[in-house]
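Engineer:
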Amino acid sequence: GDRINVLYWDDLLVGTGTGLYGQMLESPMGISTTNPPRLIQTPQLYQNYPNPFNPVTSIHFLIPHTTLRASGADNVQLLIYDLLGRKVKTLLNTVLPAGEHTVQWDGTDDAGQPVGSGIYLYQLKFGKNIQTRKMVLIR
Numbered sequence: 185g186d187r188i189n190v191l192y193w194d195d196l197l198v199g200t201g202t203g204l205y206g207q208m209l210e211s212p213m214g215i216s217t218t219n220p221p222r223l224i225q226t227p228q229l230y231q232n233y234p235n236p237f238n239p240v241t242s243i244h245f246l247i248p249h250t251t252l253r254a255s256g257a258d259n260v261q262l263l264i265y266d267l268l269g270r271k272v273k274t275l276l277n278t279v280l281p282a283g284e285h286t287v288q289w290d291g292t293d294d295a296g297q298p299v300g301s302g303i304y305l306y307q308l309k310f311g312k313n314i315q316t317r318k319m320v321l322i323r
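Mapped onto the numbering used here, the consecutive letters of the sequence shown carry residue numbers 185 to 323.
#1: Going along the chain, which residues of its own chain have a beta-carbon closer than 6 angstroms to the beta-carbon of T286, five neighbours each way excluded?
#2: Tell me the rounded alpha-carbon separation between T307 and P239.
#3: On the criterion of 16 or more Cβ atoms from any shown chain inside 10 Å, does G291 qualify as buried, or is it exposed?
#4: Tell me which same chain residues have a C-beta within less than 6 angstroms of the C-beta of T202, skipping the five on either side of it?
#5: Can you check DSSP and say which residues form a bridge with V183?
#6: Which residue from P227, N235, Q225, L229 puts its Cα closest to that of S301?
#7: Using CA coordinates, which residue listed in V320, P227, Y304, L321 is at the minimum distance from K271?
#8: Output yes or no for whether 8 angstroms exceeds the beta carbon distance between I315 and L262.
#9: When you compare each of H249, T274, K309 to G296 by their alpha carbons, which one comes out closest?
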């Protein structure tokens, strides 16, 4: 019988990277479709590495392209807090493009002084989206 071949592709964001998604669809005298992988719609804050850390840790996060278009906001804040909720350090307060980003923290406060061993919270703020994770500093 007759066949219709359709090649579908789209630039999309899957997991922690961008790529070209393609799929060949074959159907005898008709078109069938499949659902592409789910797009990440919100920023993603990942666990710092190493954790526990001394003297430096890396904090990795993702700002999806779709979020920028939807919210119109692109200012990103990355903040460090102690367990009492006091701000220890502002790592970022700037405009960033969509994509993957990594910021390092050297265990110092905003005055450049070393902070003590303990559990700290790091928080990503982007538009109305706020995500928080824990990390451990061992001196």
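All residues carry an ideal CB built from backbone N, CA and C; glycine is no exception.
Structural biologist: Taking the structure as given:
#1: Listed in chain order, the non-local C-beta contacts of T286 below 6 angstroms within the same chain comprise S242, H244, local neighbours out to five positions each way being set aside.
#2: Here residue 307 is Gln; the residue named in the question, Thr, does not match the sequence. Here the C-alpha atom of Q307 lies approximately 20 angstroms from the C-alpha atom of P239.
#3: So G291 ends up on the buried side.
#4: Here T202 scores only 48 on pLDDT, less than 50, and its place in the model is too uncertain to base an answer on.
#5: Residue 183 cannot be examined here, being either before or after the span of the chain that is shown, 185 to 323.
#6: Minimum Cα-Cα distance from S301 among the listed residues P227, N235, Q225, L229 corresponds to N235.
#7: Nearest Cα to K271 within the set V320, P227, Y304, L321: Y304.
#8: Note on identity: in this sequence residue 315 is Gln, with Ile being the wrong assignment. Taking 8 angstroms as the Cβ cut-off, Q315 and L262 do not qualify as a contacting pair.
#9: The shortest C-alpha separation from G296 is found at T274.
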